[in-house]
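Counting from 1, one number per residue, gives the positions in the first sequence under my numbering.
What follows is one structure encoded as structure tokens, with my remarks underneath.
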Amino acid sequence: MPELPEVETVCRGLSKALKNATITAVEQRRADLRAPMPHNLPRKLKGQAITAIDRRAKYIQIHLDGGSVLLLHLGMSGRMVIGKHDDQTGKHDHLVFHFNNGVTVRFNDPRRFGLCDLVNAQRIQNHPWFAHLGIEPLTSALTLDWLRQALRGRKTNIKTFLLDQRRIVGIGNIYASEALYRAGIRPTRSCGSLKPDEVTRLVTAIRKVLKAAIAAGGSTLRDYRKADGELGYFQHQFAVYDRAGMACPDCTCDIAKTGGIKRVTQGGRSSFYCATRQS
DNA sequence: CCTTGAACCTGCGGGC
DNA sequence: TGCCCGCAGGTTCAAG
């Protein structure tokens, strides 16, 4: 579910709620998610203070004053919910963190594709989850030259390339379609077929679509959380994602003729595009 | 190396 | 109403 903008918004919300907070207790309600969680996690975390919360790719990094980092990945259905100590624990609340400022954070993940590990800050770059991650799209690492080089001669389709976390991190199924829409490029195009001006548009589109989504999270939620305490998910208008058969927002053409936004399957996942505005 | 497809797991909505 | 199907914002692994 969560892609870079949602994970970023979760991190900002957690940072705000947990400034200078110390973990007083952790309830671990099952031993594994997609992978086993660390042994004795509650004992290891108790008494540690939060020094910072940020992200790498779609991983949340909760930095602790003992020199370790709690890594969390939300998978497809993971959520972080901020509440109070006496809030009732619900179905699929796998981890419940209690803090000395009265705040409780629940990690809820029905499908359990999420991940949790506790790692030494010095060795985090060697962690198997981090070893093969690509560049961050919102840093200076994403340049025209970099993308041109990465696409050159590659025959896979551009949509699948955007989802590949070994190249660029953070883009998921929604923002891959949305970025390609903004760039005017069909998801079915092969990487190597993109012309120089299309690569230029794609770099711009990736940055803009991710930044706009983060901004929407910040502005629509103020402190990044909804009324029920849930972090990172916000009302966001998508141009093409999950809008098969509907009119593209910038199109004036006749839906009855064009059939509206198209849906195709690539690599087992849905892609959406406007055949009029994307070529 | 590449590409494809299945697997992990639960829930939801649509069709019958 | 229930049942069956396909689908869901991610990642990894095996097989060709």
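Each residue gets a CB set at the ideal place from its N, CA and C atoms; glycine is no exception.
It should be emphasised that the depicted structure is a prediction, and the values quoted were computed from it without experimental measurement.
According to DSSP, residue 228 shares a beta bridge with no other residue.
In this model, residue 164 and residue 279 are separated by some 22 Å (Cα to Cα). According to DSSP, residue 116 shares a beta bridge with 72. Under the three-state reduction of DSSP output, residue 47 falls in the coil class, being neither helix nor strand. In this structure, residue 21 sits near residue 49, with a CB-CB distance shorter than 9 Å. Per the C-alpha coordinates, the member of 268, 243 and 86 positioned closest to residue 262 is 243.
Comparing C-alpha distances from residue 271 to each of 65, 77 and 160 shows the shortest one belongs to 160. As the crow flies, the alpha-carbon of residue 151 is around 5 Å from that of residue 192.
Comparing alpha carbon positions, the residue from 190, 54 and 249 closest to residue 182 is 249. For residue 220, the number of other beta carbons within 10 angstroms of its own is below 16, and it is reported as exposed. Inter-segment contact for the stretch 102-115 and the stretch 67-80 is present: three or more beta-carbon pairs are separated by less than 8 Å. Rounded to whole angstroms, the gap between the alpha carbons of residue 230 and residue 126 is 31 Å.
Close CB contacts of residue 102 within its chain, under the 8 Å cut and outside five residues either way in sequence, are with 84 and 85 (chain order). In terms of CA proximity to residue 67, 44 leads the group 44, 58 and 76. Approximately 21 Å separates the beta-carbon atoms of residue 96 and residue 55; this is outside 8 Å, ruling out the contact. If you draw a straight line from the Cα of residue 264 to the Cα of residue 141, it is about 31 Å long. Note that the stretch 23-43 does not touch the stretch 232-240; fewer than 3 beta-carbon pairs, one per stretch, sit closer than 8 Å. Just so you know, the alpha carbons of residue 269 and residue 3 end up roughly 15 Å apart. DSSP links residue 8 through a beta bridge to no other residue.
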